[in-house]
Amino acid sequence: MKDIMTAPVVMELIRTVTNMYDHGWDERNGGNVSVMLDEAELAEYLDLTRVQRTILTGFSAPELDGRYFLVTGTGKYFKNVQYEPCRNLGIVRLRDGGTNAELLWGFSDGGKFTSEFPAHMMSHVARLSVEPQNRIVMHCHPANLLAMTYVHDLDEVKFTRTLWQMCTECIVVFPDGVNVLPWMLCGTNEIGEATAKKMETARLVVWAQHGIYGAGKDLDETFGLIETAEKAAEIYMKIAHLPRVNTITDEAMHQLEVHFGVKAREGYLE
Ligand code: 13P
Ligand code: ZN
1205 MKDIMTAPVV MELIRTVTNM YDHGWDERNG GNVSVMLDEA ELAEYLDLTR VQRTILTGFS
1265 APELDGRYFL VTGTGKYFKN VQYEPCRNLG IVRLRDGGTN AELLWGFSDG GKFTSEFPAH
1325 MMSHVARLSV EPQNRIVMHC HPANLLAMTY VHDLDEVKFT RTLWQMCTEC IVVFPDGVNV
1385 LPWMLCGTNE IGEATAKKME TARLVVWAQH GIYGAGKDLD ETFGLIETAE KAAEIYMKIA
1445 HLPRVNTITD EAMHQLEVHF GVKAREGYLE
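All letters in the sequence shown, in the order written, are residues 1205 to 1474 by the numbering used here.
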């Protein structure tokens, strides 16, 4: 059996959450990431019959029964993950229609997965239904996106269009736009269900006055998605109080669509 610490997905998650912390997106225990794992690959590193303990999830997700996830722990600091992966991360297998999670590795101090596990698992279900290659759900608290939710209309078309106008390549990176939830109590099944519903039509979901969720097929892509939206929000926060003299026109956006072979979300451009 190979050492789980040498598994590429574990090493990549450690690098990613360290990078997220370094970007200032994950103060204290802020943020959480889940990665859906391949059973055959995981079997090279762990004895999948050795369940350490079973943890109640508090929701059901029959579509994910038998699926494996590498996930960050609740209350754990991203800055510490690289030094103690086994304490700050865990690998679980969902069972009994998703109502139970069997711990196979990690959470070595008796901890458990993120309090946002419902939003993560429900978002995996939603994204898999539209994008079978989806493996990642990522949540964090980037300052400029958060700031923007205090001063910008939360209407999804308006919010998306503003972000698209802030950097030329935004429309190429997230042509599906950004969906937005109003402030809701975090860590609940309700916000999980609402997030998953929004994930059916976009890979980015902003939680007003809280942060953002991203989904994608790998960690690089998902990180890049949030990084691009956050960069656009940063430009917006630099210029929002100044007179706008120039912008990226809808006509320019259409040129980008043709040149990069992407299709902007229906009805979002003139
Ligand atoms: P956890 O520490 O439970 O992952 O919560 C962090 C967070 O960002 C809640 O939204
Ligand atoms: Zn959060």
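Think of the CB as a built atom: it goes at the ideal place given N, C-alpha and C, for glycine as much as any other residue.
Predicted model only: the values in this text are computed from it and were never measured.
Within-8 Å CB hit, residue i to chain D
{"i": "R1219", "result": "The structure shown contains no chain D, having only a single protein chain."}
Minimum C-alpha distance to residue i - residue among the options
{"i": "M1205", "options": "D1230, E1216, L1250", "result": "L1250"}
{"i": "R1232", "options": "F1311, T1220, W1411, G1279", "result": "G1279"}
{"i": "V1410", "options": "N1292, M1388, T1392, G1465", "result": "M1388"}
{"i": "L1430", "options": "Y1440, E1397, P1346, L1274", "result": "It should be noted that the sequence gives Ile, not Leu, for residue 1430. Selected option, being the one with the closest Cα: P1346."}
{"i": "V1255", "options": "F1311, V1239, E1373", "result": "F1311"}
{"i": "M1342", "options": "A1351, C1374, L1274", "result": "L1274"}
{"i": "F1263", "options": "D1300, Q1413, G1294", "result": "D1300"}
{"i": "T1162", "options": "S1238, Q1286, M1240", "result": "The structure shown has nothing for residue 1162, since the chain only spans 1205 to 1474."}
{"i": "C1390", "options": "D1454, T1276, T1318, N1348", "result": "T1318"}
{"i": "C1374", "options": "D1207, E1404, E1438", "result": "E1438"}
{"i": "D1242", "options": "T1405, D1359, I1395, V1296", "result": "V1296"}
{"i": "L1408", "options": "E1425, P1447, N1393, M1441", "result": "E1425"}
{"i": "F1427", "options": "D1207, V1239, I1208, P1212", "result": "V1239"}
{"i": "N1284", "options": "T1253, T1220, L1367, E1248", "result": "T1220"}
Near the ligand ZN: residue i beta-carbon under 7 Å from a heavy atom
{"i": "G1277", "result": "no"}
{"i": "T1390", "result": "Correcting the residue identity first, residue 1390 is Cys in this sequence and not Thr. Checking the Cβ of C1390 against the ligand ZN gives yes."}
{"i": "H1414", "result": "yes"}
{"i": "H1324", "result": "no"}
{"i": "G1294", "result": "no"}
{"i": "G1234", "result": "yes"}
Exposed unless 16 or more other CB atoms sit within 10 angstroms - verdict on residue i
{"i": "S1327", "result": "buried"}
{"i": "P1289", "result": "buried"}
{"i": "R1271", "result": "buried"}
{"i": "E1434", "result": "buried"}
{"i": "Y1354", "result": "exposed"}
{"i": "H1356", "result": "buried"}
{"i": "F1282", "result": "buried"}
{"i": "K1316", "result": "buried"}
{"i": "S1333", "result": "exposed"}
{"i": "G1294", "result": "buried"}
{"i": "G1314", "result": "exposed"}
{"i": "A1456", "result": "exposed"}
{"i": "T1210", "result": "exposed"}
{"i": "T1258", "result": "exposed"}
{"i": "A1419", "result": "buried"}
{"i": "L1349", "result": "buried"}
{"i": "F1464", "result": "exposed"}
{"i": "L1446", "result": "exposed"}
{"i": "A1406", "result": "buried"}
8 Å Cβ shell around residue i - same chain, five flanking residues per side excluded
{"i": "K1401", "result": "A1330"}
{"i": "T1261", "result": "L1298, G1302, T1303, N1304, A1305, F1321, P1322, M1325"}
{"i": "K1421", "result": "E1335, Q1337, N1338, R1339, I1340"}
{"i": "D1269", "result": "L1298, R1299, D1300, G1301, G1302"}
{"i": "G1277", "result": "R1291, N1292, L1293, G1294, G1310, F1311, G1315, K1316, F1317, T1318"}
{"i": "P1379", "result": "E1461, V1466, K1467, A1468, R1469"}
{"i": "C1371", "result": "T1432, K1435, A1436, I1439"}
{"i": "L1385", "result": "I1395, A1398, T1399, K1402, V1409, V1410, W1411, A1412"}
Closer than 7 Å: residue i CB and nearest the ligand 13P heavy atom
{"i": "S1238", "result": "no"}
{"i": "H1463", "result": "no"}
{"i": "T1364", "result": "no"}
{"i": "K1280", "result": "yes"}
{"i": "E1320", "result": "yes"}
{"i": "V1393", "result": "It is Asn, not Val, that sits at residue 1393 in the sequence shown. Checking the Cβ of N1393 against the ligand 13P gives no."}
{"i": "G1418", "result": "no"}
{"i": "H1343", "result": "yes"}
{"i": "N1284", "result": "no"}
{"i": "G1315", "result": "no"}
7 Å CB neighbourhood of residue i in its chain, flanking five on each side removed
{"i": "Y1472", "result": "V1361, T1364, R1365, G1381"}
{"i": "E1397", "result": "M1326"}
{"i": "A1444", "result": "V1355"}
6 Å CB neighbourhood of residue i in its chain, flanking five on each side removed
{"i": "C1344", "result": "M1224, W1229, D1230, G1235, G1415"}
{"i": "I1369", "result": "The identity of residue 1369 in the sequence shown is Gln, whereas the question assumes Ile. So the qualifying residues of the chain are T1451, I1452."}
{"i": "Q1413", "result": "T1353, W1387"}
{"i": "E1267", "result": "V1329"}
{"i": "L1246", "result": "Y1272"}
{"i": "D1454", "result": "L1473, E1474"}
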